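With positions in the sequence shown counted from 1, the corresponding number in the working numbering is that position plus 214.
All residues carry an ideal CB built from backbone N, CA and C; glycine is no exception.
The model shown is predicted, which means the values in this text are computed figures rather than measured ones.
Note sheet for the following structure.
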Amino acid sequence: MIRTVEQYLESLDDGRVVYCLGERVKDVRTHPTLRTIIRFAAMDYALPNDPKYRKLFVTKNEEGEDVNFLFTVPRTPEDLLRRRECFVTGVRSGGGILLHCMGIDALAAATIAANKMDKALDTNYVERVEAYRKHLQKNDLGLTGAMTDVKGDRSLRPSKQVQHKDFYVRVVDRQKDGIIVRGAKMHISATPCANEAIVLPCRAHGEDDKDYALAFAIPLNAKGVKLLAVEPVTRTNGEEAVWDYPHAWRLQPTECMIVFDDVLVPWERVFMCGEWQFSRDITYGFASFHRLFGASKMVGELETLTGIARLIAEYNGLEKYEHIRNKLAWLAMLTATVTSLGRMACIDCTEDPDSGIMVPNLMLTNSAKFTFADNYHEACKTVQDICGGIATTVPTFRDWNNPEIHDYIEKYLAARAGVPTENRVKASRLIKDMTQNYYQIDHIHGEGSRAAQQIFLYMSADWDRYIAAAKRAAHIDGWQDDPTYGPLLDPEKVIEPKMPPIDTSYKL
Ligand SMILES: Cc1cc2nc3c(=O)[nH]c(=O)nc-3n(C[C@H](O)[C@H](O)[C@H](O)COP(=O)(O)OP(=O)(O)OC[C@H]3O[C@@H](n4cnc5c(N)ncnc54)[C@H](O)[C@@H]3O)c2cc1C
215 MIRTVEQYLE
225 SLDDGRVVYC
235 LGERVKDVRT
245 HPTLRTIIRF
255 AAMDYALPND
265 PKYRKLFVTK
275 NEEGEDVNFL
285 FTVPRTPEDL
295 LRRRECFVTG
305 VRSGGGILLH
315 CMGIDALAAA
325 TIAANKMDKA
335 LDTNYVERVE
345 AYRKHLQKND
355 LGLTGAMTDV
365 KGDRSLRPSK
375 QVQHKDFYVR
385 VVDRQKDGII
395 VRGAKMHISA
405 TPCANEAIVL
415 PCRAHGEDDK
425 DYALAFAIPL
435 NAKGVKLLAV
445 EPVTRTNGEE
455 AVWDYPHAWR
465 LQPTECMIVF
475 DDVLVPWERV
485 FMCGEWQFSR
495 DITYGFASFH
505 RLFGASKMVG
515 ELETLTGIAR
525 LIAEYNGLEK
535 YEHIRNKLAW
545 LAMLTATVTS
555 LGRMACIDCT
565 EDPDSGIMVP
575 NLMLTNSAKF
585 TFADNYHEAC
595 KTVQDICGGI
605 ATTVPTFRDW
615 NNPEIHDYIE
625 KYLAARAGVP
635 TENRVKASRL
645 IKDMTQNYYQ
655 IDHIHGEGSR
665 AAQQIFLYMS
675 ADWDRYIAAA
685 KRAAHIDGWQ
695 DDPTYGPLLD
705 PEKVIEPKMP
715 PIDTSYKL
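Pasting the structure below:
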């Protein structure tokens, strides 16, 4: 089934236990900051219901019913490309996909490990995972994936932790109806807006850690599950939030710590329990898929960052200068590189021999993820550099709307003729919001921009000395009068005459 936005929103009124900014949340849909996350996630239901996008997001299951394509198993490179296209379209639309992204990758990992375990140990995990997949398809549930444990002392394995044994989620009891699990997962995205979570181990295990080799699915309103939401970027709302935080307004941090306070998981929802030899397969399987998501998510993000850099350069009358063009070209190259690596990872994929799942190319997804992660701060720095100090001192919605000061802002913050000041201010607010934060920008632009320092650096460099060093090394005359390189001892003159003659019997 494909749920409507209304059906999805209604499903979140399920008695879940959520805390935000130290307060118990009565209803995530009406909470001043969490509702932003819900609205964003609801795009996962708006897109498949829109005739323009239905073909991309909706497919048929074996019974011929309409289901979300993301809940199906990727079996061909085309399936992976379509999965990627769903991610890219969701993020470009300004919402959606982040709700499902963790969960469907966790589902893929559970499928891979279930097939391996069933083959090696004669377990019945494939049956359970596939039954759960059907449950997701039939109910069109919002699904997140919880892998990262709180971990305690990073140098110790789960069973060797000192302060307590619950730093990694573990099974504490096996009962007739199911298992009892305890522990906490941290930084879990899309939690307040999801209906259920797939929980996976986050590391490989030894036999001593077998109680931590655990994978299962759980509704987020289950008894004993507690969701501790991360601090939002903005606490404002409405028109003010849109103006001041154009990016965060639609994409607040969605992470939660999920506490499992002795939670019962029915056996049919347990996908691994004690098979420690297979924890590695599940974590690797997850990482292989989730890096593809990362590379796809960044397409829209990098396009926006590159676009806003170009736009502000135009607004400020700068786009023709060489150093600005070089910086814009670098941003465009980064965007194109990440985009292409993600696409290629789908085309150049490999089939997992046990499950038949098509797995994105590991080298390429990891290259994509590393490329954007390693360069993201540099990209933010570059955009801040192009924008100028206004990237952090830009006026707010309240300033703009105060009639006593509005005209000063409008007059003095204008730049290129023909560009409304409001546009320049809005573009600067997006840069401030996307690249965060005051201190980084202050340190880049306070005391002058980087290009200003480069002018001085070029002017102040001791080129005579550097050139003398090069000429001396290359045996080009002209270094002899340099105060540093001129007086230096010359090994050819000082040592060579004292050396015994060369033995000419060698064939060199
Ligand atoms: C915004 C955000 C969203 C996220 N969303 C999700 C999600 O939806 N689901 C999910 O499961 N996870 C999620 N994560 C978690 C993410 O995968 C982890 O943050 C990441 O794996 C790092 O783990 P950590 O934060 O515990 O840091 P740590 O593991 O403490 O790492 C810190 C540093 O210590 C090093 N280190 C740690 N242990 C060792 C060791 N034994 N030996 C050598 N070096 C070590 C690491 O390499 C790193 O340099 C999210 C994280 C963020 C920030």
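- At least one heavy atom of ligand 1 lies less than 7 Å from the C-beta of Lys365.
- Assignment of Glu565 by DSSP, reduced to helix, strand and coil, places it in the strand class.
- Ranked by Cα distance from Lys640, the first of Asp562, Thr610 and Asp227 is Thr610.
- Taking all protein chains in view, the Cβ of Tyr626 is surrounded by fewer than 16 other Cβ atoms within 10 Å, so the residue is classified as exposed.
- By the CB criterion at 8 Å, Ala408 and Gly356 fall inside the cutoff.
- Rounded to the nearest angstrom, the Cβ distance from Asp354 to Asn282 is 6 Å, consistent with a contact under 8 Å.
- DSSP places Tyr233 within a strand segment (E or B) once states are collapsed to three.
- For the pair of segments examined, the segment 219 to 238 was found to touch the segment 440 to 450: the number of CB pairs separated by less than 8 Å reaches three.
- Here the C-alpha atom of Asp475 lies approximately 19 Å from the C-alpha atom of Cys416.
- Going by beta carbons, Ile645 and Ile522 fall inside the 8 Å limit.
- In this structure, the beta-carbon distance from Lys352 to Met215 falls below 8 Å.
- When DSSP states are grouped into helix, strand and coil, His401 belongs to the strand group.
- Sixteen is the threshold: since fewer than 16 other Cβ atoms of the shown chains lie within 10 Å of the Cβ of Asp562, the residue is exposed.
- At least one heavy atom of ligand 1 lies less than 7 Å from the C-beta of Ile402.
- No Cβ-Cβ contact shorter than 8 Å links Leu516 with Leu555.
- Rounded to whole angstroms, the gap between the alpha carbons of Gly452 and Ser502 is 39 Å.
- It is roughly 28 Å from the alpha-carbon of Glu292 to the alpha-carbon of Lys333.
- By the criterion of a C-beta distance shorter than 6 Å, Leu671 is surrounded by no residue of its chain, once the five residues flanking it on both sides are discounted.
- Remark: C-beta atoms of Ala431 and Arg483 approach each other more closely than 8 Å.
- Residue pairing from DSSP leaves Thr250 without any beta-bridge partner.
- Taking a C-beta distance under 8 Å as the contact criterion, Ser373 and Lys365 do not qualify as a contact pair.
- In the structure shown, Thr218 falls within a coil segment according to DSSP collapsed to helix, strand and coil.
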